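The numbers in full-length UniProt numbering rise by one with no breaks, and the one at position 340 of the sequence shown is 340. Virtual Cβ for every residue (Gly too), placed ideally from N, Cα, C. Note that the structure is a prediction, hence the values are computed from the model and not measured. All remarks here apply to the structure that follows.
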Amino acid sequence: MELYICDRCYYLILHCIRLPSIASISLNFSSMALNKVTLISDLDVLLESYKLKVKIIRLWKQTVRGNPKETYAIEMVLMDEQGNKIQAKVWKQCVSKFENLHEENGDFYIEKPQLASNDSPYKYANNRYKLTFNWVTKVTKCTDFNGPDTNLAFATLPSILADEPKKDCTIDVIGEVLQCFEMEYHMINGIRTKKQNVEVRDLDNLKIYVTLWGVFVDQMQAYLKDNAEKRPCVIILQFGKLKWHRGRAYVSNSYYSVSRLLINDQTKEIIEYKKKLLSKAANDSSSSQRSTSSSIVYSLHNEFVHKFPFSSIANIQGFKKEQSVIILGTIKGIRKDAGWYYHACNKCTRKVEKNGFH
Numbered sequence: 001m002e003l004y005i006c007d008r009c010y011y012l013i014l015h016c017i018r019l020p021s022i023a024s025i026s027l028n029f030s031s032m033a034l035n036k037v038t039l040i041s042d043l044d045v046l047l048e049s050y051k052l053k054v055k056i057i058r059l060w061k062q063t064v065r066g067n068p069k070e071t072y073a074i075e076m077v078l079m080d081e082q083g084n085k086i087q088a089k090v091w092k093q094c095v096s097k098f099e100n101l102h103e104e105n106g107d108f109y110i111e112k113p114q115l116a117s118n119d120s121p122y123k124y125a126n127n128r129y130k131l132t133f134n135w136v137t138k139v140t141k142c143t144d145f146n147g148p149d150t151n152l153a154f155a156t157l158p159s160i161l162a163d164e165p166k167k168d169c170t171i172d173v174i175g176e177v178l179q180c181f182e183m184e185y186h187m188i189n190g191i192r193t194k195k196q197n198v199e200v201r202d203l204d205n206l207k208i209y210v211t212l213w214g215v216f217v218d219q220m221q222a223y224l225k226d227n228a229e230k231r232p233c234v235i236i237l238q239f240g241k242l243k244w245h246r247g248r249a250y251v252s253n254s255y256y257s258v259s260r261l262l263i264n265d266q267t268k269e270i271i272e273y274k275k276k277l278l279s280k281a282a283n284d285s286s287s288s289q290r291s292t293s294s295s296i297v298y299s300l301h302n303e304f305v306h307k308f309p310f311s312s313i314a315n316i317q318g319f320k321k322e323q324s325v326i327i328l329g330t331i332k333g334i335r336k337d338a339g340w341y342y343h344a345c346n347k348c349t350r351k352v353e354k355n356g357f358h
């Protein structure tokens, strides 16, 4: 705010009325501006000074390559009292100033952070801006934060299957586990990494796959060790990445330190979801269609051996209709003059002739 005043009035103000100088008035206006809390939705690069009132809903540290004990940067996801979120970062040179930010779920006032566009190819908050804390940024403890009682914002399975979520932003998902597939190993950047797919469904029986990597596989395996027969099993994956593969939707854990996996935890969201499952099962006449085997562990060996009957090669000649069987035999040799592959349909994998039909 700018004040215009003539020399005569300026003299009266300073010597007769004894009001503060124009510079003091300007400073008072600045102080008033900083005392007012700015919402994340109102942030703009044109704002010269602002004060945020936020909760740290996720915090992780990036370490120096080759020296895991040295912090390269502190990353955070912040949420204000309206539930809006924004990413924030403290670079290595300022880490010592903000050592008190080790408290996840802590509430703070933040003054004079640097605001810039978030051009990251993958964002952990649906916001075009990000914050950077520097030497002039001030962080103080907040004792009267009155925001939402949850920091989860679930993407519905219909929206996921319609490919509606933004491609450059993580999502939160919740669902009932149908089955856990066997653990696999994949080489990622030269490192042997665990992988496990989990099929989940919503209350309307829509299904997607959740792909777990690394320590998240360990978490699932530890749960299954003692709870494989426990039903229903509801999971939450927070900060997950949505990808499509062969026409199927997969939500995988993102950077290991960011995603959060909850398995049948005593959280409000899981407890309420289980109540809805039980209510639907009791009232839905088609609930029998939702029933599954007692165990959520999927075994490729059990599926293969117990699902299909055994047959000899001679008996195949007498089959009158299409069916699947298991043949136990010994490989006597491999014909090297015949191709080991064939052209197959993308939907049913049956053999097709080029430019032909089946």
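Where isoleucine 271 sits in the DSSP three-state scheme = In the sequence shown, residue 271 corresponds to position 271, counting from 1. Reduced to three states, the DSSP call for isoleucine 271 is helix.
For alanine 344, does the three-state DSSP call read helix, strand or coil?
-> Reading the sequence shown from its first residue, position 344 is the one you call residue 344. Looking at alanine 344 - three-state DSSP - the assignment turns out to be strand.
Where glutamine 87 and alanine 344 are concerned, what is the direct C-alpha to C-alpha distance, given to the nearest angstrom?
-> As a first step, residue 87 is located in the sequence shown; it is residue number 87 there, counting from the start. As a first step, residue 344 is located in the sequence shown; it is residue number 344 there, counting from the start. Approximately 46 angstroms between the Cα atoms of the pair.
Considering alanine 116, what are the terminal residues of the alpha helix (DSSP H) in which it resides?
-> As a position in the sequence shown, residue 116 is number 116, starting the count at 1. Note, alanine 116: premise wrong, no alpha helix (DSSP H); beta strand (DSSP E) at 114-117.
Per-residue DSSP class, three states only, for valine 217 | Looking up residue 217 in the sequence shown gives position 217. Reduced to three states, the DSSP call for valine 217 is helix.
Residue 362 and leucine 237: beta carbons closer than 8 angstroms?
-> In the structure as shown, the chain begins at 1 and stops at 358. Residue 362 is therefore absent and cannot be evaluated.
Lysine 89 to isoleucine 74 span [Cα, whole Å] | By 1-based counting over the sequence shown, the position of residue 89 is 89. By 1-based counting over the sequence shown, the position of residue 74 is 74. So the two alpha carbons sit approximately 6 angstroms from each other.
For serine 252, name the three-state secondary structure that DSSP assigns.
-> Taking the sequence shown and counting its residues from 1, the one referred to as residue 252 is at position 252. The answer is strand: DSSP assigns serine 252 an E or B state.
Among Phe239, Ser252 and Lys51, nearest to lysine 112 - alpha-carbon criterion | Sequence index remark: in the sequence shown, residue 112 carries index 112 (1-based). If we check each option's Cα against that of lysine 112, Lys51 comes out closest.
To the nearest angstrom, how far is it from the Cα of cysteine 109 to the Cα of threonine 137?
-> Within the sequence shown, residue 109 is the residue found at index 109, counting from 1. Within the sequence shown, residue 137 is the residue found at index 137, counting from 1. Position check: residue 109 holds tyrosine in this sequence, whereas cysteine was assumed. C-alpha separation (whole angstroms): 10 angstroms.
Which residues in the same chain as glycine 147 place their Cβ atom closer than 7 angstroms to its Cβ, once the five residues preceding and following it in sequence are excluded?
-> Taking the sequence shown and counting its residues from 1, one reaches residue 147 at position 147. The answer, listed in chain order, is Lys55, Met79, Asp80, Glu81 and Gly83.
Boundaries of the beta strand (DSSP E) in which isoleucine 86 is found, first to last residue = Residue numbering aside, residue 86 sits at position 86 when the sequence shown is read from its first letter. Residues 85-91.
On the three-state DSSP scale, how would you describe valine 95?
-> Here residue 95 corresponds to residue number 95 of the sequence shown, with the count starting at 1. Residue state, collapsed to three classes: helix.
First and last residue of the uninterrupted alpha helix (DSSP H) at leucine 161 = For this step, residue 161 is matched to residue 161 along the sequence shown. 157-161 is the span of the alpha helix (DSSP H), which, as asked, contains leucine 161.
Going by alpha carbons, who is nearest to aspartate 149 out of Thr267, Gln317 and Gln323?
-> Indexing the sequence shown from 1 puts residue 149 at position 149. Of Thr267, Gln317 and Gln323, the residue nearest in Cα terms is Thr267.
Go ahead and label methionine 220 buried or exposed: buried means 16 or more other beta carbons lie within 10 angstroms of its beta carbon, across all protein chains shown.
-> Locating residue 220 in the sequence shown gives position 220, where the first residue counts as 1. Result: buried.
Rounded to a whole number of angstroms, what is the C-alpha to C-alpha distance between serine 117 and leucine 43?
-> On the sequence shown, residue 117 is found 117 positions in, with the first residue counted as 1. On the sequence shown, residue 43 is found 43 positions in, with the first residue counted as 1. Near 11 angstroms, if we compare the C-alpha coordinates of leucine 43 and serine 117.
Once you ignore the five residues that flank tyrosine 185 on each side, which residues in its own chain have a CB closer than 8 angstroms to its CB?
-> Translated into the one-based positions of the sequence shown, residue 185 becomes position 185. Closer than 8 angstroms at Cβ, skipping near neighbours: Arg192, Thr193, Lys194 and Lys195.
Under a three-way DSSP split, which group does alanine 33 fall into?
-> Translated into positions along the sequence shown, residue 33 becomes position 33. Model confidence at alanine 33 stands at a pLDDT of 48, short of 50, so the residue's coordinates are unreliable; what they give is reported in the following sentence. It is helical.
Decide yes or no for the touch test of the stretch 149-169 against the stretch 119-128: beta carbon pairs closer than 8 angstroms, at least 3 of them.
-> yes
Ordered list of alpha helix (DSSP H) runs contained in the stretch 41-84, each at least 4 residues | none
What does a CB cutoff of less than 8 angstroms around glutamine 114 pick up in its chain, not counting 5 residues either side in sequence?
-> Position 114 of the sequence shown holds residue 114. Once the five neighbours on either side are set aside, the close Cβ partners of glutamine 114 are Leu131, Thr132, Phe133, Asn134 and Thr137.
Where does aspartate 204 sit, in a helix, a strand or coil, going by DSSP?
-> Numbered from 1 along the sequence shown, position 204 holds the residue referred to as residue 204. The answer is coil: DSSP assigns aspartate 204 none of H, G, I, E or B.
Grouping DSSP H, G and I as helix and E and B as strand, with all else coil, what is aspartate 172?
-> Along the sequence shown, read from residue 1 onward, the residue named residue 172 stands at position 172. Reduced to three states, the DSSP call for aspartate 172 is strand.
CB-CB length for serine 254 against threonine 170, believed under 8 angstroms | Taking the sequence shown and counting its residues from 1, the one referred to as residue 254 is at position 254. Taking the sequence shown and counting its residues from 1, the one referred to as residue 170 is at position 170. The beta-carbon distance between serine 254 and threonine 170, rounded to whole angstroms, is 6 angstroms. This is short enough to meet the 8 angstroms contact definition.
In three-state DSSP terms, what is isoleucine 296?
-> Walking along the sequence shown from the start, residue 296 turns up at place 296. Looking at isoleucine 296 - three-state DSSP - the assignment turns out to be coil, as it is neither helix nor strand.
In angstroms with no decimal places, state the Cα-to-Cα distance between glutamate 70 and leucine 224.
-> Within the sequence shown, the letter at position 70 stands for residue 70. Within the sequence shown, the letter at position 224 stands for residue 224. Glutamate 70 and leucine 224: Cα-Cα distance of roughly 35 angstroms.
For isoleucine 331, three-class secondary structure by DSSP = For the purposes of this step, residue 331 is taken as the residue at position 331 of the sequence shown. Three-state result, isoleucine 331: coil.
Where aspartate 144 sits in the DSSP three-state scheme | Here residue 144 refers to the residue found at position 144 of the sequence shown. Reduced to three states, the DSSP call for aspartate 144 is coil.
Sort Asp284, His245, Leu242 and Ala228 by Cα distance to isoleucine 263 and report the nearest one.
-> Numbered from its first residue, the sequence shown carries residue 263 at position 263. When Asp284, His245, Leu242 and Ala228 are compared, the shortest CA-CA separation from isoleucine 263 is found for Ala228.
If you draw a straight line from the C-alpha of lysine 85 to the C-alpha of serine 279, how long is it?
-> Position 85 of the sequence shown, counted from the start, is the residue given in the question as residue 85. Position 279 of the sequence shown, counted from the start, is the residue given in the question as residue 279. Answer to the nearest angstrom: the Cα atoms are 33 angstroms apart.
Top-ranked residue by Cα proximity to phenylalanine 181, from Asp172, Tyr72, Gly175 and Tyr209 = Within the sequence shown, numbered from 1, the residue matching residue 181 stands at position 181. Per the Cα distances, Tyr209.
Residues of its chain near phenylalanine 239, where Cβ-Cβ distance is below 6 angstroms and the 5 sequence neighbours each way are ignored | The residue labelled residue 239 in the question sits at position 239 within the sequence shown. Answer for phenylalanine 239: Tyr124, Thr170, Ser254, Val258 and Ser259, listed in chain order.
Sequence-distant residues of the same chain with beta carbon closer than 7 angstroms to arginine 248, five excluded per side = For this step, residue 248 is matched to residue 248 along the sequence shown. So the qualifying residues of the chain are Tyr209.
Note down the Cα distance separating asparagine 315 from lysine 307, rounded to an integer number of angstroms.
-> On the sequence shown, position 315 is the one that residue 315 refers to. On the sequence shown, position 307 is the one that residue 307 refers to. Per the coordinates, the alpha-carbon of asparagine 315 lies some 18 angstroms from the alpha-carbon of lysine 307.
In terms of alpha-carbon separation, which member of Trp91, Lys53 and Asn100 lies closest to residue 361?
-> Only positions 1 to 358 of the chain appear in this structure, which leaves residue 361 out of reach.
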